[in-house]
Amino acid sequence: MKKLPLFSIWLVYLLVIVAGGVYVGIQGFKIDTDFLSIFPSHAERGGFYQASAQYESNFTNEILVFVQNADRDKAIAAAEELSKKISQNEIFSSVKLKFSGNAQDQWVPFLYSKRQALLTPEQTRNIESGQSQIILNKALTNIYSPMGLTTQLGTDPLNLFQDFFLNTAANFSVKPFNGYLISEKDGKYAVFMRVKINRNAYSFNADLIEFYEGQKAEYTAKGTDLHFLGASLFSAFGSEKSMREVNLYGGLSFTAVMLLLVWAFSSAIPVIATLATIGISVGTGLVAVMLVYSSVHVLSIVLGISVLGIVTDYCTHFFAKGFDEKLENNEQVMKKIKGALVLGFLTNTLTYLCFYFTDLIVLKQLAIFTIAGIFTTFLTVIGVFPKFKFRRLHSKGLDKVVVISNIWNRVGHKKAMITIFVIVLVGLVLTRGLKFNDDIKLLQSVPTVLKNDETKVTELLGIKRSASYFIVKGTSVEDVLKKEEALSAKMRENNVKALAISNFSPSLERQKQSLTDYQKLEPIVKEFYKTINYNDQSKIKALFVNAPTPFVPSNLLATSSEFPLAMNWLGKINGEQFSVVTVGGDANLEILKALETEDVHLISKAADLSNFMQVLRETITGQFAYVIAALLLLLVLWWGWKRAFYILYAPVVSAIATMLFIRICYGYLNLFNVLAVILIFCLGMDYSVFFSQSKESTRATHVGILISFISTIEAFGVLSMSSTYAVSSFGVSVFVGICLCYLLSPLAAGAEHD
Amino acid sequence: MRKIFLAAITLAFSISAIAADADFEQVRQHVMKHKVVSGNFKQVRNLKDMKLKLDSEGDFKFKLPFDLDWNQKKPFPMDLLMTPDKITQKNADGSEQVITKAQQPVVFTFSSSFLGIFAGDKTAIEKTFNYTVSMKGSKWTMSLEPKDDLLKKAISKVEIQGSEFVETVEVSEKSGNTTHIQFSNVKGS
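Chains as they are written, first to last, in this note's numbering: chain A, 4 to 757; chain B, 415 to 603.
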């Protein structure tokens, strides 16, 4: 049977990929950027995740702005001017500078009419423990105090509602003035405005930064300070910094790699071929993921960046054979390296295949993306590259590149391997093993200007809310309110302030209890009036005759659209009722975590992301045991125990030694160090396989690996200079790891040598 | 609502520091030398709807920059201590009610603005009130109307009279209730 030419297979394969790409293009190329949606436990959390998304959608696009000046009129004029600019700018969808001054006039009277059903926990405790005298004494003190309230003396003589209001309502520092909300601090007036942006808050909004910086500078020059706070600004600054670095380091490394390839091969063909292979391979990877999952998560692409290193590695290995003086054409080259390429492809595929068998979609996508990419590279190199015109390369001075092999030959491979392994082992023992830290906060770097603004805005608002909050789930409105009340009580016990709808609209059961307790106050009220010589018995009696009708949150929320906690009431989601309990002030996350129940779930983005990083990191490191076992099995079947051991030595020891280096230098490792180790491991495997297969053309193999090594440093190692911790973590690990791989991989040849 | 009275009382004792007009400059300079002012008070609250009059009396001590001790003796003992960050109300039974700046920042925004008055800061009072001053010999009268939206809802007018020291304060609420405070035996040191 005539053998089907590989080039034809490659062409058919390419057509299939193009067809797949067209199909994906028609369906729409969707990139998923929601990190928490890929968290496996979110599926188990049922509506909690949806409820959280609904709650956060209210303010993720919002920016809070304060316009501050020592002169109130100037502050207002500047706020008016800025508001006009914002309303005319397409970045923003709305701006609210004027607030209904009488918003409180609508919901406060409603609650006042229900006051008998709104006893505070302290009032209830005093009444139920027979200490109503405390309430009487407070009321008497209040009526005589020059600061006491007299307006409600006829309807609420014991000041129960005033107590309720002072204890329950959020105490914002902003107060209304001619329709504006103004906060006063340090002798300056700050006019508040609420702005919404017209975009996805988490996309790269460069023009938002431009607007922010431009306006701040312009107003500061005029003696007015602007303070902004919003998720979109943090996101924009974070993206801007990353983009700047990606452009800088991406540009630098791209140029360096291209120059290296042109210099090494004295031809543009290897450069163009490598670039084209990278393009086709990455494209295939994306199409494969899209065909399986309909969308690709941005993290899968980030994790799959290692495929670039492998693609370059295969390509340079092929072209470097041009240094082999014994070879006459590319068919011979292919014959020489086919075995190494096949084994390299199999080991790389097996490595990434292990990530498919996890619960994390992002790792499954990573497996598909990289395997599809590596397969495409493999097929391109063996199917297309032999078609290029063979070019003999100058071998002058090549002897120098085999210096490392010569060192290992002199020392003795086995001896060197044992010595290095013992050193690494001692290092591990001395450092008490590897330590990991997955706290997302370690990776964050917020610009100082935004940090200062955040502090200012929080101070000017006068209320501090934790970024964490609780989602409460119930079968009915009453059920949710009861669960909120139980949670609030537990939070009070832990000195944590709860901002919840049930503070204002208690459960029907609680309202009933309050009304019963209120009736017990009749003798106290009579005593109060007797003390101040008021004797209108009919009015006193009226206080206890007409009980207010029960009410639910929707009744309260219907009174005013500006009720402060309106966003906390989420209503029905998937047939169940949900609400949010906001946490006042800075609360300890451990304490909050302990308050979780089956129906009360703590949402803490920072903790969730840290947890996600930990799961991802643990899954990857856990899968590595399977990777090594699978590779060992493959290599043993291919070459037997001895050679399998020699080939695995460099990637395994380089990976462990890199992690040990990071542990010693930085104290702990993070997810990005582990991701770098995957790349190191794959490249280390390739280097070892190529060396093991090189036999008589060692020099050409050395050159190919040297070029691959330098290009990896140029492409990834340069990232160690990044000011973004996650990126520099990755870069430093790759730099150290790839150096170790380069030094140790020639030991793979020791299987035959020894 | 506490802030309304807080404002009025603080204002009463700090009036000497107001240099609103040239007329007042003399008074201000005359009384600014007193770092501590103490004396007796008689307070009458007229509750319009309830047709009720509530009398109380006691003594007070005011220290610059902002310490007020309002010590009621009759009809029952009660003590009110006010500092820039805290208001402590001691009830007849010895129990205490404390309002802190952290809990009720709006209340203290007012008290902080009045702190400025003690330093003779005219702009501090102008932030919250529109005022007029009239003089008859050594006697002066100051009428204040709130500018602030929240204050406007509860208080219609504050009138303070005095000569070397503050003699009377009258607070008129929107509801028609009034509070009249008469100071006597006032001494400065």
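Each residue gets a CB set at the ideal place from its N, CA and C atoms; glycine is no exception.
Do you know offhand how far residue i's Cα is from residue j's?
i	j	result
residue 375 of chain A	residue 736 of chain A	25 Å
residue 474 of chain B	residue 181 of chain A	36 Å
residue 607 of chain A	residue 587 of chain A	14 Å
residue 585 of chain A	residue 602 of chain A	16 Å
residue 408 of chain A	residue 739 of chain A	19 Å
residue 572 of chain B	residue 102 of chain A	28 Å
residue 316 of chain A	residue 345 of chain A	13 Å
residue 560 of chain B	residue 544 of chain B	6 Å
residue 584 of chain B	residue 595 of chain B	6 Å
residue 321 of chain A	residue 384 of chain A	8 Å
residue 379 of chain A	residue 279 of chain A	11 Å
residue 334 of chain A	residue 389 of chain A	6 Å
residue 517 of chain A	residue 239 of chain A	49 Å
residue 288 of chain A	residue 626 of chain A	21 Å
residue 623 of chain A	residue 513 of chain A	50 Å
residue 684 of chain A	residue 658 of chain A	6 Å
residue 555 of chain A	residue 58 of chain A	20 Å
residue 118 of chain A	residue 677 of chain A	59 Å
residue 93 of chain A	residue 201 of chain A	7 Å
residue 552 of chain A	residue 116 of chain A	9 Å
residue 589 of chain A	residue 748 of chain A	52 Å
Near residue i, what residues of its chain come up, given a Cβ to Cβ distance below 7 Å and the 5 sequence neighbours on each side ignored?
i	result
residue 604 of chain B	Only positions 415 to 603 of chain B appear in the structure, and residue 604 of chain B is not among them; the question remains open.
residue 460 of chain B	467, 591 and 592
residue 142 of chain A	160, 161, 162 and 531
residue 762 of chain A	Past the edges of chain A, shown from 4 to 757, lies residue 762 of chain A, and the structure says nothing about it.
residue 510 of chain A	481, 484, 485 and 488
residue 349 of chain A	637
residue 188 of chain A	462 and 463
Since residue i and residue j should fall inside the 8 Å C-beta cutoff, what is the C-beta to C-beta distance between them, to a whole number of angstroms?
i	j	result
residue 710 of chain A	residue 267 of chain A	5 Å
residue 573 of chain A	residue 566 of chain A	With 8 Å as the limit, residue 573 of chain A and residue 566 of chain A do not qualify as a contact, their Cβ atoms being about 14 Å apart.
residue 595 of chain A	residue 443 of chain A	At roughly 17 Å, the Cβ-Cβ gap does not stay under 8 Å, so residue 595 of chain A and residue 443 of chain A are not in contact.
residue 750 of chain A	residue 610 of chain A	44 Å between Cβ atoms; not a contact.
residue 9 of chain A	residue 236 of chain A	Rounded, the Cβ-Cβ distance is 53 Å, inconsistent with contact.
residue 227 of chain A	residue 77 of chain A	7 Å
residue 377 of chain A	residue 352 of chain A	6 Å
Excluding five sequence neighbours on each side, which residues of the same chain lie with their C-beta closer than 8 Å to the C-beta of residue i?
i	result
residue 745 of chain A	407, 690, 708, 709 and 712
residue 224 of chain A	none
residue 558 of chain A	113 and 508
I'd like the list of long-range same chain contacts for residue i, defined as Cβ closer than 6 Å, with 5 residues on each side in sequence excluded.
i	result
residue 419 of chain A	411
residue 582 of chain B	575 and 596
residue 54 of chain A	474, 573, 576 and 581
residue 456 of chain B	471 and 596
residue 602 of chain B	448 and 451
residue 491 of chain A	501 and 503
residue 319 of chain A	707, 710 and 711
Quiz item: Taking three-plus beta-carbon pairs below 8 Å as touching, is the region 665-676 of chain A in contact with the region 636-648 of chain A?
Solution: Because the criterion of three Cβ pairs below 8 Å is not met, the region 665-676 of chain A and the region 636-648 of chain A do not touch.
Quiz item: Is there contact between the region 328-347 of chain A and the region 683-696 of chain A, where contact requires at least three CB pairs shorter than 8 Å?
Solution: Contact holds: three or more Cβ-Cβ distances are below 8 Å.
Self-check item: At least 3 beta-carbon pairs within less than 8 Å: the region 661-668 of chain A vs the region 286-295 of chain A
Solution: The region 661-668 of chain A, when compared against the region 286-295 of chain A, does not touch it at the 8 Å Cβ threshold.
Self-check item: Touch test, the region 195-214 of chain A against the region 54-70 of chain A, Cβ-Cβ under 8 Å, three pairs minimum
Solution: Between the region 195-214 of chain A and the region 54-70 of chain A there are three or more C-beta pairs closer than 8 Å, enough to call the two in contact.
Quiz prompt | Cβ contact (3+ pairs, closer than 8 Å) linking the region 535-542 of chain A and the region 15-23 of chain A | solution = With the cut-off at 8 Å, the region 535-542 of chain A and the region 15-23 of chain A do not touch.
Quiz item: Going along the chain, which residues of the region 454-484 of chain B sit with their C-beta nearer than 7 Å to a C-beta in chain A?
Solution: Shown in chain order are the members of the region 454-484 of chain B whose Cβ falls below 7 Å from a Cβ of chain A: 457, 459, 461, 463, 464, 466, 468, 470 and 484.
Practice problem: Quick one: which residues of the region 153-185 of chain A get their C-beta closer than 8 Å to a C-beta of chain B? List them in chain order. | Solution: The region 153-185 of chain A vs chain B, Cβ under 8 Å: 153, 154, 156, 157, 165, 169, 174, 175, 176, 178, 179, 180 and 181.
Quiz prompt | Short-range partners of chain B found in the region 547-576 of chain A, where Cβ spacing is below 9 Å | solution = Listed by position along the chain: nothing, the set is empty.
Quiz item: Is the region 465-472 of chain A in contact with the region 251-262 of chain A, if contact means three or more CB pairs nearer than 8 Å?
Solution: In short, these stretches do not touch, since the Cβ pair count stays below three.
Exercise. Taking a Cβ distance cut-off of 8 Å, strictly less, list which residues of the region 116-137 of chain A are near chain B, in chain order.
Key: Within the region 116-137 of chain A, the qualifying residues are 136 and 137.
Quiz item: Taking contact to mean at least 3 C-beta pairs separated by less than 8 Å, is the region 453-465 of chain A in contact with the region 227-238 of chain A?
Solution: Judged by Cβ distances under 8 Å, the region 453-465 of chain A makes contact with the region 227-238 of chain A, as three or more pairs qualify.
Practice problem: Return the residues of the region 70-103 of chain A that lie within a Cβ-Cβ distance of less than 7 Å from chain B, sorted by chain order. | Solution: Cβ contacts with chain B: none found.
Self-check item: Near-chain B residues of the region 614-637 of chain A (beta-carbon distance less than 9 Å), N- to C-terminal order
Solution: Listed in sequence order: no entries.
Self-check item: Near-chain A residues of the region 555-580 of chain B - C-beta to any C-beta below 9 Å
Solution: Of all residues in the region 555-580 of chain B, only 561, 562, 563, 564, 567 and 568 come within less than 9 Å of chain A when Cβ atoms are compared, listed by chain position.
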